[in-house]
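Participant: The structure that follows is given in the form of structure tokens.
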Amino acid sequence: MIGKNKTPSVGIIDSQSVKNYSKGDPEDMMLAKIKGRKRHIIVDTVGLVIAAEVHSASIQDRDSALNLFAQAKCKVPTLRKFFADQGYIGKLQNRCLLETGCLLTIAKKIVDTGFQVIPKRWIVERTFAWLSNFRRMSKDYEHSPLTSKTNIFFNMITIMLHKLAHS
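Read left to right, the sequence shown gives residues 299 to 465 (the working numbering).
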């Protein structure tokens with residue numbers, strides 16, 4: 299893209315809870331608002347997935363984020379900053395800086411009523427919307443979280459090829 303570096307310097311993290319319809323691990327079915335799995339992704343400013351993780355929905359966002367930050371930094375060493383929502387607030391900001399050398403910026407809550415677009419955050423939400431267009435991504439039908447993670451990357455490849463073909 300014009301005006302963009304070839305390698306990203308910013309990552310945006312978010313998670314999505316999805317129902318699980320496989321007869322998988324009973325741990326996935328306990329202690330969560332949505333009995334299922336949680337998909338975590340880090341995307342660049344274009345919306346392309348850099349790193350992904352899938353696990354039980356009972357695990358807090360901030361508990362799995364540090365591993366995901368490390369994965370993203372390993373794949374893309376030029377990353378310098380991550381954006382996240384309120385689910386990642388707390389000691390994670392200091393740990394992210396110490397362990398990856400990247401700054402973690404938490405988006406501020408907007409007090410106005412109604413829908414508000416939060417800068418940078420809409421990009422990761424758009425990526426989840428792109429992925430949800432794939433039938434197997436509407437819910438989690440996979441037995442293994444690793445298969446679910448693989449589906450994220452496989453479907454992202456399909457999206458990227460489609461964009462290349464139409465550019």
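Glycine included, C-beta positions come from ideal geometry on N, C-alpha and C.
Does the beta-carbon distance from Met454 to Leu377 come in below 8 Å?
Facilitator: Residue numbering aside, residue 454 sits at position 156 when the sequence shown is read from its first letter. Residue numbering aside, residue 377 sits at position 79 when the sequence shown is read from its first letter. Not in contact: Met454 and Leu377 (Cβ atoms no closer than 8 Å).
Participant: Where Ala382 and Ile408 are concerned, what is the direct C-alpha to C-alpha distance, given to the nearest angstrom?
Facilitator: Locating residue 382 in the sequence shown gives position 84, where the first residue counts as 1. Locating residue 408 in the sequence shown gives position 110, where the first residue counts as 1. Spanning the two alpha carbons is a distance of roughly 14 Å.
Participant: Answer with buried or exposed for His441, where buried requires no fewer than 16 other C-beta atoms within 10 angstroms of its C-beta.
Facilitator: Translated into positions along the sequence shown, residue 441 becomes position 143. Label assigned to His441: exposed.
Participant: Report the rounded CA-to-CA distance for Leu538 versus Ser465, giving the unit in angstroms.
Facilitator: Residue 538 falls outside the range modelled here, since the chain spans only 299 to 465, and no answer is possible.
Participant: Who are the near neighbours of Ser446 in its chain, counting only those whose CB is closer than 6 Å to its CB and skipping five residues on each side?
Facilitator: Numbered from 1 along the sequence shown, position 148 holds the residue referred to as residue 446. Cβ within range, chain order: Val352, Asp438, Glu440.
Participant: Of all the options Phe367, Asp312, Ser313, Ser354, which has the alpha carbon lying nearest to the alpha carbon of Leu396?
Facilitator: Taking the sequence shown and counting its residues from 1, the one referred to as residue 396 is at position 98. Selected option, being the one with the closest Cα: Phe367.
Participant: Let me know if Asn449 comes out buried or exposed under the rule of 16 or more other beta-carbons within 10 Å of its beta-carbon.
Facilitator: What you label residue 449 is simply residue 151 of the sequence shown in a count that begins at 1. So Asn449 counts as buried.
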